[in-house]
Amino acid sequence: MTQSIAIVTGAAGDIGAAIAARLADDHDVVLLADIDAAAAAAVALKLGPDNRFVAIECDVTSETSIAELARRAADVGVVKTLVNNAGAARATSLHDTTPEIWRADNALNLEAAFLCFRAFEPMLTVSKGSVVNIASVNGMHVFGHPAYSAAKAGLLHFTRLVAVEYGKFGIRSNAVAPGTVKTQAWEARAAANPNVFEEARRWYPLQRVVDPKDVANAVAFLAGPQAAAITGVCLPVDCGLTAGQAELARTFSQSEHY
Numbered sequence: 561m562t563q564s565i566a567i568v569t570g571a572a573g574d575i576g577a578a579i580a581a582r583l584a585d586d587h588d589v590v591l592l593a594d595i596d597a598a599a600a601a602a603v604a605l606k607l608g609p610d611n612r613f614v615a616i617e618c619d620v621t622s623e624t625s626i627a628e629l630a631r632r633a634a635d636v637g638v639v640k641t642l643v644n645n646a647g648a649a650r651a652t653s654l655h656d657t658t659p660e661i662w663r664a665d666n667a668l669n670l671e672a673a674f675l676c677f678r679a680f681e682p683m684l685t686v687s688k689g690s691v692v693n694i695a696s697v698n699g700m701h702v703f704g705h706p707a708y709s710a711a712k713a714g715l716l717h718f719t720r721l722v723a724v725e726y727g728k729f730g731i732r733s734n735a736v737a738p739g740t741v742k743t744q745a746w747e748a749r750a751a752a753n754p755n756v757f758e759e760a761r762r763w764y765p766l767q768r769v770v771d772p773k774d775v776a777n778a779v780a781f782l783a784g785p786q787a788a789a790i791t792g793v794c795l796p797v798d799c800g801l802t803a804g805q806a807e808l809a810r811t812f813s814q815s816e817h818y
C-alpha cells in the first residue's frame, strides 16, 4: 500500500513543528522541510520515529532544492497534503523596506508557495490532495511589515487561484491566517519586556494570543475529510483580532455618544 505523505515547509519553527505533529495523525509519513537541516532533524527526533518523521534540508526559494524534495517524497509515497508554512518578516515599515528586502520577502512568503505547489502538483493530482498555505492577518489588514504583508496578501489570492483552477482534479486549496503566535521569537521579546504578552493580548477579543497548536488544528481540519467541501477560503486563527480590536471596542463603549 502506498504511504500517504504530508509535507511541511519551515518545519523547524514552532508553528511548523506543531503542524507536523498534528498531521501525523492522518498521514503515514511527515516530511519536515527546512533550510536549517540540523534544526529540522532535532524536531523530527523529538516528534517520533524516523520512519514517520523525516527531516529534509530544503531552500524553498530554490527550484533545484524543491525538485530534490519532490524526488525524496516520491521515493517514500504520494503527497496527500502540502503545507506551505515557511516564511519570515524583515523591515517593519515601508520607509525601511529596501528593494532587496521587498524581493526577499516576496520570494520566501509568496513565490516559494508557487514553486512548491508546481513541484508537487502531479502527486497532489493523483491523491486528490490538499494544499494549506500559512498566510497571516497581515495579509488581510495593515499591521506593519509591508513586504511580508504584501506577500501574504498575494498568498491568499494564490490560494484561491489554485482552488479554482485545480478543483476539477480534486485538489483543495485553503489558507490559515494566524494572528500573534506565542513562539520562541515572542519568548525572546518577553525576556526583554515581561509585559509584552499582556500588552498584546488586550487587542484580542479572546484576551490571549495564539498557540502553535491552534494553527496546527486548523491546518489538520482544512486538510482533512471534514473539510471535503471547503476550498478557496482563508481561516483566520487570530483569537478574534480581525473581527475587531478589543481595546478599541472598550474605548468606544466607555465613551459618551451624542
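Heads up, the sequence shown is in this note's numbering, so the first residue is 561 and it goes up one at a time. Quick reminder that beta carbons are idealized off the backbone N, C-alpha and C, glycines included.
If I follow the unbroken beta strand (DSSP E) through N693, where does it start and stop? Within the sequence shown, numbered from 1, the residue matching residue 693 stands at position 133. Bounds of the beta strand (DSSP E) holding N693 are S690 to I694.
Count the other C-beta atoms from every protein chain shown that fall within 10 angstroms of the C-beta of H717, then say buried if there are 16 or more, exposed otherwise. Translated into the one-based positions of the sequence shown, residue 717 becomes position 157. By the 10 Å Cβ count, H717 comes out exposed.
Between the region 683 to 698 and the region 630 to 650, can you find at least three pairs of beta-carbon atoms closer than 8 Å? Yes, they touch.
My guess is that A649 and Y708 are in contact by the Cβ rule of under 8 Å, so how many angstroms apart are they, rounded? If you number the sequence shown from 1, residue 649 lands on position 89. If you number the sequence shown from 1, residue 708 lands on position 148. A649 to Y708, Cβ: 4 Å. Contact.
Straight-line CA distance for G800 to A578? Working through the sequence shown from its first residue, we reach residue 800 at position 240. Working through the sequence shown from its first residue, we reach residue 578 at position 18. A direct Cα-to-Cα measurement between G800 and A578 gives close to 21 Å.
Cβ shell of G576 (< 6 Å), same chain only, five flanking positions each side left out: Start at 1 with the first residue of the sequence shown, and residue 576 comes out as number 16. Setting aside the 5 residues that flank it on each side, G576 is surrounded in the same chain by V568, G570 and N645, each with a C-beta closer than 6 Å to its C-beta; the list follows chain order.
Is the beta carbon of N734 closer than 8 Å to that of L670? Taking the sequence shown and counting its residues from 1, the one referred to as residue 670 is at position 110. Taking the sequence shown and counting its residues from 1, the one referred to as residue 734 is at position 174. Contact annotation: L670 and N734 have beta-carbon atoms that are not nearer than 8 Å.
Option in A584, L583 and Q563 with minimal Cα separation from A634: Sequence index remark: in the sequence shown, residue 634 carries index 74 (1-based). The alpha carbon of A634 has as its nearest neighbour, out of A584, L583 and Q563, the alpha carbon of Q563.
Are there three or more Cβ pairs, one per stretch, closer than 8 Å when the region 594 to 605 is compared with the region 766 to 776? Flag = no, the region 594 to 605 and the region 766 to 776 do not touch.
N734 (DSSP reduced to helix, strand or coil): Taking the sequence shown and counting its residues from 1, the one referred to as residue 734 is at position 174. Shown here, N734 sits in a strand according to DSSP, grouped into three states.
Compare the Cα-Cα distances from G637 to each of E623, D596, S687 and S653 and report the closest residue. Working through the sequence shown from its first residue, we reach residue 637 at position 77. Ranked by Cα distance from G637, the first of E623, D596, S687 and S653 is S687.
V702, DSSP secondary structure in three states: On the sequence shown, position 142 is the one that residue 702 refers to. V702: coil per DSSP, three-state reduction.
Name the DSSP bridge partner or partners of S564? Indexing the sequence shown from 1 puts residue 564 at position 4. V638.
Among F703, D586, A593 and H655, which has the Cα closest to the Cα of C676? Mapped onto the sequence shown, residue 676 falls at position 116. Nearest C-alpha to C676: A593.
Which residue from L583, D574 and A572 puts its Cα closest to that of P785? If you number the sequence shown from 1, residue 785 lands on position 225. The option with the nearest alpha carbon to P785 is L583.
Where P754 and Y764 are concerned, what is the direct C-alpha to C-alpha distance, given to the nearest angstrom? Within the sequence shown, residue 754 is the residue found at index 194, counting from 1. Within the sequence shown, residue 764 is the residue found at index 204, counting from 1. Their backbone Cα atoms lie some 18 Å apart in a straight line.
Alpha carbon to alpha carbon, how far is V620 from S813? Give it in angstroms, no decimals. By 1-based counting over the sequence shown, the position of residue 813 is 253. By 1-based counting over the sequence shown, the position of residue 620 is 60. Because S813 carries a pLDDT of 43, less than 50, the predicted location of this residue cannot be relied on, and no value is offered for it.
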